[in-house]
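Going left to right, the sequence shown walks through residues 3 to 408 as our numbering numbers them. C-beta atoms are modelled at their ideal positions from N, C-alpha and C, and glycine is treated no differently. Working notes, structure below.
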Amino acid sequence: MVRRALLFVLALLLLAGCATPLPKPAPPPAAKPPVPALVLVPPERVPLFIDDMDLASLEAAIEKSLRYYERAAGDGPRRMGDAMVTVPELRDTLIALREILRRDEPDSLKQVRIRETFDVYQSTGRDGKNTVLFTGYFEPIISGSLTQTEKNRYPVYRAPADAVVVNLGRFSQRYPYEQLVGRLKNGELVPYYSRNEIDQLGALAGRGLEIAWVDDRIDLFFLHTQGSGKIRLPDGSLLQIGYALKNGRPWQSLARYLRETERISPAEISYRSIKQYLREHPGELTEILGHNESFIFFREVTQGPVGSLGEILTAGRSIATDAAVFPRGALAFIRARKPKLDKDGNVEAWIPFSRFVVSQDAGGMIKGAGRVDLFCGSGDQAEMLAGSLAERGELYFLVKKRATGR
């Protein structure tokens, strides 16, 4: 019996030695390198730099970025394509364009000078194929008062002292622009109060944090989405408020939520349809608004609206972008379509446009290389324009060429 078992094992070993060895498993495919946010545009593909606005507005926007660069001179370089671009280079780019546009020369010669003076980088967009979604934002003006009244009963809060801000970039280079906002509870940092905890449960009530009180809960919500605005007081004066801090909770889109819950069809979704639905269904406000847990705290400012650079935004010229992707304060050029509106805010037609802009703000939903928010101004007309704008287009950044080339 033992002999038979030994012969069986020997036969197996002989067969194994004669058998063709199994092929080694193929190594997993190498991961594709990430698509860069900006790529250098070859000379033959550089667009025509046609600007549909006045030079004065562009000069005003450039001046604000120059003031920012005076304060940010020590900031490190930023990657654009294969190049590392410094703050002085970004500053010199703005000055060089301003000098070209101020010259009393034909537009055709200015085009030549721009092409000779600047390297042009295009955003690869949200899909790696240069697709950029352009939306608009504005500065709302809503009615309110400095004290609570029966009419003005919705508070506008300043930043609470117990909100702890953690800049993760100080702990790891992997998170250079990431922040956490929380509060200490039993020695542990926990998430700060959500929108419903503040609005419905009164988590901040009685702490003297109210800057003002306003008369419309829906308008107040959209004041939060814009990040700054004006409050028209009973005597007709305007109280300017600007962004101070957010509660750190994730931003959730009401448009997506209303589509997913089948309250508004995808074909009908728009800024106007969202506001209309909210006004027609007051009993659903707590659920719908509370879906967006993000909450904004404000501060009083003497002028505004103030962007993330600490400078006043310029209507039509200031854009909000992701500071983790694109250089702050930098000169850009956009091409997209804008709506032509009638007096009631209805879109009559879509018109191609292009212009120079400056990256001077940020936004909770403006993330990645494929998102740009265009500041449209203040008041009702700006609201109608911003609420209609949701167009795909092209985004370029310009940098003055180095003497030795790039």
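**Item:** CA nearest to the CA of R160, picked from R301, Q254, R81
**Value:** R301
**Prompt:** Taking the alpha helix (DSSP H) that Q383 falls in, what are its first and last residues?
**Reply:** 381-390
**Message:** Let's test the definition: count the other Cβ atoms within 10 Å of the Cβ of Q305 and tell me whether it reaches 16, buried, or not, exposed.
**Reply:** exposed
**Message:** Measuring alpha carbon to alpha carbon, tell me which residue in G379, C378, Q362, L333 is nearest F51.
**Reply:** L333
**Request:** Could you tell me whether the Cβ atoms of A246 and F299 are closer together than 7 angstroms?
**Result:** yes
**Request:** Rounded to whole angstroms, what's the CA-CA distance from P44 to V134? Just pull it up for me.
**Result:** 19 angstroms
**Beta-carbon proximity check, R82 vs L111, cutoff 7 angstroms** = Checking the displayed sequence, the identity of residue 82 turns out to be Met instead of Arg. No, the pair does not count as a contact, with Cβ atoms beyond the cut-off.
**Item:** Residues that I298 bridges to, as DSSP identifies them
**Value:** K248
**Message:** Using CA atoms only, rank isn't needed, just tell me which of I271, D237, V401, R155 is closest to F358.
**Reply:** V401
**Request:** To the nearest angstrom, report how far apart V166 and I368 are at their CA atoms.
**Result:** 23 angstroms
**Cβ contact (3+ pairs, closer than 8 angstroms) linking the stretch 210-218 and the stretch 135-149** = yes
**Message:** If I follow the unbroken beta strand (DSSP E) through Y123, where does it start and stop?
**Reply:** 120-125
**Asked** Mind checking whether E393 and A317 have CB atoms under 7 angstroms apart?
**Response** no
**Request:** Report back the beta-carbon spacing between I276 and L287 to the nearest angstrom; my notes put them in contact at under 8 angstroms.
**Result:** Not confirmed; about 12 angstroms, so no contact.
**N- and C-terminal bounds of the beta strand (DSSP E) containing A338** = 333-343
**Prompt:** For L99, which option in D53, F140, P142 has the closest C-alpha, if you only look at C-alpha atoms?
**Reply:** D53
**Message:** If I measure Cβ to Cβ from G130 and keep anything under 7 angstroms in the same chain, skipping five residues before and after, which residues do I get?
**Reply:** V37
**Residue nearest to G138 in terms of C-alpha spacing, selected from G229, T119, L92** = G229
**Y156, enclosing beta strand (DSSP E) - first and last residue** = 156-159
**Prompt:** In whole angstroms, what is the alpha-carbon distance linking A85 and P178?
**Reply:** 19 angstroms
**Three-state secondary structure assigned by DSSP to R128** = coil
**Message:** Suppose the cutoff is 6 angstroms on Cβ atoms and the five residues either side in sequence are ignored; what does the same chain contact list for N198 look like?
**Reply:** G292
**Request:** Express the C-alpha separation of V192 and K340 in angstroms, rounding to a whole number.
**Result:** 43 angstroms
**Message:** Given this structure, state the Cα-to-Cα distance separating G347 from K403, to the nearest angstrom.
**Reply:** 43 angstroms
**Message:** In this structure, how does DSSP classify D109 when only helix, strand and coil are distinguished?
**Reply:** helix
**Request:** Reducing DSSP to helix, strand and coil, say where A62 ends up.
**Result:** helix
**Request:** Assign A214 to one of three DSSP states: helix, strand, or coil.
**Result:** strand
**Item:** Contact the stretch 371-383 vs the stretch 121-128: 3+ CB pairs below 8 angstroms
**Value:** yes
**Request:** Could you round the C-beta distance between E396 and N154 to whole angstroms and report it? I think they count as a contact, below 8 angstroms.
**Result:** Actually they do not touch by this definition, with Cβ atoms about 44 angstroms apart.
**Request:** To the nearest angstrom, report how far apart N249 and R265 are at their CA atoms.
**Result:** 28 angstroms
**Request:** Might you give, ordered along the chain, the residues of its own chain that have their beta carbon closer than 6 angstroms to the beta carbon of L280, omitting 5 neighbours on each side?
**Result:** I220
**Request:** Using DSSP bridges, identify the partner residues of P354.
**Result:** R339
**Message:** So, with DSSP's three-state summary, where would you put Q228?
**Reply:** helix
**Prompt:** What is the C-beta distance between V303 and Q362, in whole angstroms, given that I count them as a contact (C-beta under 8 angstroms)?
**Reply:** Not a contact, Cβ separation roughly 15 angstroms.
**Request:** Specify the secondary structure class of V37 as computed by DSSP and reduced to three states.
**Result:** coil
**Prompt:** Between which two residues does the beta strand (DSSP E) containing N169 stretch?
**Reply:** 166-169
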